[in-house]
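Remarks on the structure that follows.
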Amino acid sequence: AKYLGGKRKFPPQTIHCLLAANRWEKLNEILKAQSKNSVLIMNRYYQSNLVYGLANNMKQSWLENLDAGLPKADLVILLDVSQQESFHRKKTNRDKFEKNKDFLKKISKIYRTTAKKKRWKIVDATKSKEEVHQEILKIFSKKIGL
Numbered sequence: 044a045k046y047l048g049g050k051r052k053f054p055p056q057t058i059h060c061l062l063a064a065n066r067w068e069k070l071n072e073i074l075k076a077q078s079k080n081s082v083l084i085m086n087r088y089y090q091s092n093l094v095y096g097l098a099n100n101m102k103q104s105w106l107e108n109l110d111a112g113l114p115k116a117d118l119v120i121l122l123d124v125s126q127q128e129s130f131h132r133k134k135t136n137r138d139k140f141e142k143n144k145d146f147l148k149k150i151s152k153i154y155r156t157t158a159k160k161k162r163w164k165i166v167d168a169t170k171s172k173e174e175v176h177q178e179i180l181k182i183f184s185k186k187i188g189l
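Residue numbers for the sequence shown follow our numbering, so the first one is 44 and each next one is one higher.
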């Protein structure tokens with residue numbers, strides 16, 4: 044909480060190792076859920092760590108090695124929203140990253156670039172909730188062959 048509030052600083056490598064450790068900590072839960080379900084939905088899994096690390100000028104190979112051995116996503120959907128819309132939707136309680144407009148601009152660009160390189164699906168999240176929902180269902184249905 045102090046880190047996200049901007050009251051405590053750590054080297055970027057420390058932060059990314061801690062975030063990766065959290066994913067490794069959840070590995071057994073993930074594997075258990077995978078064995079029971081054919082679909083497992085996760086929010087901002089290792090992809091977010093990769094993008095934020097790249098924004099902090101860290102090497103992609105180092106960041107990806109943190110998660111080597113963890114289950115990989117079969118499908119990644121990026122909900123793309125403009126910076127202006129992001130600030131409109133969340134006006135208060137922003138963490139240190141969300142308050143920094145220049146950093147957010149950099150993050151958005153890296154998310155879009157990475158999404159294209161890694162063939163993630165991009166959904167225009169400035170549309171209505173219903174339209175975004177329908178687009179996600181369409182992408183998901185195509186992925187699972189419906």
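For every residue, glycine included, the Cβ atom is placed at its ideal position computed from N, Cα and C.
Could you tell me which residues DSSP pairs with residue i in its beta bridges?
| i | result |
| --- | --- |
| VAL166 | LEU122 |
Find out if the Cβ-Cβ distance for the pair residue i, residue j is shorter than 8 Å.
| i | j | result |
| --- | --- | --- |
| LEU83 | GLN90 | no |
| ASN108 | PRO55 | no |
| VAL119 | THR169 | no |
| ASN86 | LEU106 | no |
| ASP117 | ARG66 | no |
| PRO114 | ILE73 | yes |
Using DSSP with H/G/I as helix, E/B as strand and the rest coil, what is residue i?
| i | result |
| --- | --- |
| PRO114 | coil |
| TYR88 | coil |
| ASN71 | helix |
| ARG155 | helix |
| ARG51 | coil |
| GLY188 | coil |
| LYS172 | helix |
Who are the Cβ neighbours of residue i in its own chain at under 6 Å, not counting the five residues just before and after it?
| i | result |
| --- | --- |
| ILE165 | LEU121, ASP123, ALA158 |
| TRP163 | VAL119, LEU121 |
Only counting the same chain, and skipping five residues up and downstream in sequence, which positions put a Cβ closer than 8 Å to that of residue i?
| i | result |
| --- | --- |
| ILE150 | VAL94, TYR95, ALA98, PHE140 |
| MET101 | PRO55, GLN56, HIS59 |
- Can we say the stretch 174-186 touches the stretch 144-158, given the rule of at least three CB pairs closer than 8 Å? no
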